[in-house]
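Contents: one structure, followed by commentary.
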Amino acid sequence: MKQFILIICCWLFSLPLWAAETVKIVVEAGNFERKDCVISADISVLGTREVFSVALFEKIDKKKKPVKCQLIWEEKKPVLYWILDGVTPAGTSREFIAKRIKVHQETGTMKVSDTGTALVLKKNGNEVLQYNYAVTFPPAGIDLAYQRSGFIHPAYSPSGNVLTAIQPKDHYHHYGIWNPWTRIEYDGKIYDLWNLGDKQGTVRARDIECTYQGDVCAGYKAMLDHYIFTPSGEKVIMDESWNIKAWNVADGFLWDFESGLHPSTDLPVLIKAYRYAGFGWRATEEWTKENSEMFTSEGKTRQRIDGTTARWIYVTGQCGNRGRSGMLFLGHPENYNAPEPLRIWDENANGGRGDAFVNFAPTKNKDWKLMPGEHYKLCYRIFSYDGEMTRERADRLWNDFAYPPKVTIKQ
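Quick note on numbering: the sequence shown equals residues -19 to -1, 1 to 392 in mature numbering (1 follows the signal peptide of the UniProt record, and there is no 0).
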């Protein structure tokens, strides 16, 4: 027995003989110029366990420049994240050295705080976004069917302008940034999980699987359940994971939204084509047709966007007397039905007010069948900013997201 315990202890607190102490990582810019680009590398070759960490250095001539990095365990693999700072011209490469070290103190530039009802992601103490896992009830006198959990609000600009809205009087079922489906066929019947007032279904936050914070990013992985309401009671037909990461980059708040969908019974889930469904954003009620603008990757402006496809879309608007801010939404080319169709409100929305609503709707013109035992993923990147957005900047951010630099590990 003593010998067995000794073997276990040695396995826990020592590294495998094959594990390297250091590895060289080459990052190639590829076809695009890069600026402050998010980089990730699977560094399993270091044999890193969760009781260890990694130091990163950039090799510049004969010198080694320390680089802030962050190790996150994803699907039992150590993934190292850092920011490729500055400008890296197309066709060039940069070389880094990763070294295994004992656990070190993070500076805490990127943090997560738990309020007891929500997770708040922060950058240098400034709030980036809030994920609400507790139930938010509708205003007094409004049907309780409109209660909801598992949504993002507020989402902020760097100066602190709130860019989302929830429970507006015109659409009480709108919840900041959220991801329900409008026409789901299950076991031969149709259910609506978007329009809560129809009382056919909903989405509820279940739990928080993990959070992470450090020098490079702050984030969390949350689990949600998709319910249908049947005559015999409520039933979960699909579970969903939200993997959210906010990045430590300059000149704005950059964060990733990854949704993982998985049918939770032995029956398939058919998401049927409908004009709106999926990843939605209800913008601040300060924005109307008089003080905001929309623009897409295909050169479309607001009155011509609805029903078209796009790689990205941004909305910029006036926030009271606090200046102009906006949000840029990037869709990944590997998403279902990419480039995805868009559902937006034109200038005639809400009796001519022209409130801002944006929805990447992959099932706007095409059914999507989700099979039991399979996992499906949708990825978006969001950039909130103060001032104005340009097409050139949006294209650069999309290129970094869609076609990141090539990373090669060399021992």
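Note that the Cβ used here is the ideal one computed from N, Cα and C, for glycine as well.
- Assign E373 to one of three DSSP states: helix, strand, or coil. helix
- Locate the beta strand (DSSP E) running through G298, then write down its first and last residues. 293 to 299
- Item | Residues near M352 by beta carbon distance below 8 Å, same chain, minus five either side | P244, P249
- For A264, which residues of its own chain have a beta-carbon under 8 Å away from its beta-carbon, when the five flanking residues on both sides are left out? L144, T145, A146, S273, V296, G298, M308, D336, A337, F338, V339
- Can you give, in chain order, each stretch of the beta strand (DSSP E) that sits fully within the segment 86 to 171 and has at least 3 residues? 91 to 95, 99 to 104, 107 to 113, 132 to 136, 165 to 167
- Task: Would you check if the distance between the CB atom of Y384 and the CB atom of C198 is smaller than 8 Å?
- Result: no
- Could you tell me which residues DSSP puts in a beta bridge with L351? V250
- Is the distance from the Cβ of Y127 to the Cβ of L177 below 8 Å? yes
- Message: Considering only their Cβ atoms, is the gap separating E108 from T69 smaller than 8 Å?
- Response: no
- Message: Give me, in chain order, the residues of the same chain whose beta-carbon lies closer than 7 Å to that of V324; leave out the 5 immediate sequence neighbours on both sides.
- Response: The sequence given here places Arg at residue 324; Val does not occur at that position. Excluding residues within five positions, the ones whose Cβ falls inside 7 Å are R256, Y257, D287, N340, A342, K345.
- Message: For V116, which residues in the same chain have their Cβ closer than 6 Å to its Cβ, ignoring the five residues on either side in sequence?
- Response: Q128, S130
- Task: May I ask which residues mark the beginning and end of the alpha helix (DSSP H) holding R285?
- Result: 283 to 286
- Query: What does G307 pair with, by DSSP beta-bridge criteria?
  - Reply: T297, Y366
- Hey, could you find the ends of the alpha helix (DSSP H) G11 is sitting in? That residue, G11, is in no alpha helix (DSSP H); it is neither H nor E in DSSP.
- Message: Looking at the secondary structure, which residues open and close the beta strand (DSSP E) in which G67 lies?
- Response: 58 to 69
- Query: Tell me which same chain residues have a C-beta within less than 6 Å of the C-beta of A22, skipping the five on either side of it?
  - Reply: I6, L61, V388
- Exposed or buried, which one is N316 when buried takes at least 16 other CB atoms within 10 Å? buried
- Item | Bounding residues of the alpha helix (DSSP H) (the contiguous stretch that carries N331) | 330 to 333
- Message: Just list the residues that DSSP pairs G312 with in beta bridges.
- Response: Y361
- May I ask you to list the residues that DSSP assigns as paired with K244? In the sequence under discussion, the amino acid at residue 244 is Pro, which differs from the Lys named in the question. Partner(s): M219.
- Item | Reduced DSSP secondary structure (H/G/I, E/B, other) of S25 | helix
- Message: Let's see if you can read the secondary structure: which residues bound the beta strand (DSSP E) around S273?
- Response: 273 to 277
- Where does F234 land, buried or exposed, given buried means 16+ other C-beta within 10 angstroms? buried
- Query: Nearest to W162 by alpha carbon, out of W379, K350, G122?
  - Reply: K350
- Query: Cβ of A330 versus every heavy atom of the ligand ADP: is any distance shorter than 7 Å?
  - Reply: In the structure shown, the ligand ADP is absent, as is every other ligand, since no ligand is present at all.
- Is DSSP giving N380 helix, strand or coil here? helix
- Would DSSP call L174 helix, strand or coil? coil
- Message: To the nearest angstrom, how far is the alpha carbon of I20 from that of G332?
- Response: 45 Å
- Spatial distance of K104 from Y193 (CA atoms): 13 Å
- Cβ separation of E221 and S240, assumed to be a contact under 8 Å, to the nearest whole Å: 6 Å
- Task: Look at M275 and T269 and say whether their C-beta atoms are less than 8 Å apart.
- Result: no
- Item | Proximity of L311 and F260 at Cβ, strictly below 8 Å | no
- Message: Checking the sheet assignment: what are the DSSP bridge partners for H207?
- Response: V184, M219
- Task: Go to Q51, then tell me how far its beta strand (DSSP E) extends in each direction, as first and last residue.
- Result: 50 to 55
- Message: Determine whether the beta carbon atoms of T183 and I218 lie at a separation below 8 Å.
- Response: no
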